[in-house]
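In terms of the numbering used here, the first sequence opens at residue 4 and continues consecutively. Every residue gets a Cβ at the ideal spot worked out from N, C-alpha and C, and that includes glycine. From a predicted model like this one, the values you see are computed outputs, not experimental measurements. Here's the structure we're looking at; comments come further down.
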Amino acid sequence: MAPMLNPNVHANVVNNPYQIIYLYLRDYYGHQSWWPAEDQFEIMIGAILTQNTAWTNVEKAITNLKQNNRCDAESLAAMKHQTLAKMIRSSGYYNQKAERLRLFAEWYLKQGGALALARRPLKMLRKELLALKGIGDETADDMLLYAFGQPSFVIDTYTRRIFSRMGLVNEKGRYEELQQQFHDHLESDTELFQQYHALIVSHAKRHCLKTPDCIHCPLTTDCIFYEPQP
DNA sequence: ACCCAGGGTCATA
DNA sequence: TATGACCATGGG
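So this is what it looks like as structure tokens:
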């Protein structure tokens, strides 16, 4: 019997590659603890700081902010540009990111903080985030999914690479198109989306995605999607 | 020395 | 709409 799923979702899990890949990754890598942060606001600034940047460099910046007691909206909004830029130096693009953090912190305070924002519908909040300078599709969805617990699937370069290589999506497709494909084929479940994106990143970090013939990649050699059981 | 990382903006055609 | 330049550190 096929499990009960959202009507929008393909009824049979066995024929749904998006489900199969998720189950495969989950069994292979186990439960992921994401997003590593102490509070909502830390998740949100982490999403900005990690833009095109290795997470290890972001961790140093956040640790720096915390040690100086500046890991909150009021502090970020009040700090001088130089001071903030210096503090987040390790995360790269520090001038851009200092500006983006300040703009975000100011907006965040003006809106009344996380509790006020959490009451807004997903699509509305997403639009408002996108209207901010320095927050694009992926950063907005990072915030929505991990800080606000809203079921908005995150599409990053890893997702594009892996799933285009599986022949499921167009690597150069528009963000909303790819996201829609995941939304169409999966239950609208925040936990599922959080785990799935985290698993994709875990997978990408452990396997070489630079070459198309990565023999150690379970999703390209052992995966039951590529080699279906008879 | 080179490549890339849990992207986004802006100018140009 | 679709490329390309730009932002910048740290680890492989």
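C-alpha gap between residue i and residue j, whole angstroms
{"i": "Ile24", "j": "Asn71", "result": "42 Å"}
{"i": "His84", "j": "Tyr199", "result": "36 Å"}
{"i": "Leu189", "j": "Met127", "result": "22 Å"}
{"i": "Phe185", "j": "Lys136", "result": "27 Å"}
{"i": "Arg163", "j": "Ile138", "result": "19 Å"}
{"i": "Leu112", "j": "Asp42", "result": "16 Å"}
{"i": "Met169", "j": "Pro20", "result": "9 Å"}
{"i": "Ser78", "j": "Leu106", "result": "12 Å"}
{"i": "Leu132", "j": "Glu180", "result": "19 Å"}
{"i": "Phe151", "j": "Asp187", "result": "21 Å"}
{"i": "Thr193", "j": "Arg122", "result": "16 Å"}
{"i": "Gly176", "j": "Leu195", "result": "23 Å"}
{"i": "Thr86", "j": "Cys74", "result": "13 Å"}
{"i": "Tyr149", "j": "Thr56", "result": "18 Å"}
{"i": "Gln197", "j": "Ser191", "result": "11 Å"}
{"i": "Ala101", "j": "Arg29", "result": "36 Å"}
{"i": "Gly115", "j": "Leu26", "result": "39 Å"}
{"i": "Thr59", "j": "Gln182", "result": "27 Å"}
{"i": "Met82", "j": "Ala207", "result": "36 Å"}
{"i": "Tyr32", "j": "Ala134", "result": "36 Å"}
{"i": "Lys69", "j": "Leu171", "result": "41 Å"}
Minimum C-alpha distance to residue i - residue among the options
{"i": "Pro39", "options": "Ala117, Ile65, Thr86 and Arg123", "result": "Ile65"}
{"i": "Leu202", "options": "Asn19, Trp37, Ala101 and Phe185", "result": "Trp37"}
{"i": "Tyr161", "options": "Ile91, Leu118 and Arg209", "result": "Arg209"}
Whole-angstrom C-beta distance between residue j and residue i, which should lie under 8 Å
{"i": "Arg129", "j": "Ser155", "result": "7 Å"}
{"i": "Gln235", "j": "Ser205", "result": "Since the first residue of the chain shown is 4 and the last is 233, residue 235 is not available in this structure."}
{"i": "Ile48", "j": "Leu104", "result": "6 Å"}
Same chain only: Cβ atoms within 7 Å of residue i, ignoring 5 sequence neighbours per side
{"i": "Ala50", "result": "Thr142, Asp145 and Met146"}
{"i": "Thr53", "result": "Val61"}
{"i": "Glu109", "result": "Ala80"}
{"i": "Ala76", "result": "Phe44, Ala108, Tyr111 and Leu112"}
{"i": "Gly95", "result": "Thr56 and Asn60"}
{"i": "Lys63", "result": "Ser93"}
Start-to-end residues for the alpha helix (DSSP H) that takes in residue i
{"i": "Thr86", "result": "His84 to Met90"}
{"i": "Arg29", "result": "Pro20 to Tyr32"}
{"i": "Tyr111", "result": "Tyr97 to Lys113"}
{"i": "Asp187", "result": "Tyr178 to His188"}
{"i": "Met127", "result": "Leu125 to Leu133"}
{"i": "Asp145", "result": "Asp140 to Asp145"}
{"i": "Tyr161", "result": "Thr160 to Arg168"}
{"i": "Glu41", "result": "Unbroken run through Glu41: none, as it is neither H nor E."}
{"i": "Glu77", "result": "Ala76 to Ala81"}
{"i": "Tyr199", "result": "Thr193 to Arg209"}
{"i": "Lys63", "result": "Trp58 to Gln70"}
Residue i beta carbon near the ligand COA (any heavy atom closer than 6 Å)
{"i": "Ile65", "result": "The ligand COA is not among the ligands present in this structure, which contains no ligands whatsoever."}
Own chain partners of residue i with C-beta closer than 6 Å, once the 5 adjacent residues on each side are dropped
{"i": "Glu174", "result": "Arg163 and Ser167"}
{"i": "Pro178", "result": "Before going on, a small fix: residue 178 reads as Tyr here, not Pro. Closer than 6 Å at Cβ, skipping near neighbours: Asp140 and Ile158."}
{"i": "Gln153", "result": "Leu125 and Leu147"}
{"i": "Ile117", "result": "Checking the sequence shown, residue 117 turns out to be Ala, not Ile. For Ala117, where only same-chain residues beyond five positions count, the Cβ hits under 6 Å are Gln43."}
{"i": "Ile46", "result": "Trp38, Ala40, Tyr149 and Ala150"}
Same chain, Cβ closer than 8 Å to residue i, neighbours up to 5 away in sequence not counted
{"i": "Tyr97", "result": "Ala88, Lys89 and Ile91"}
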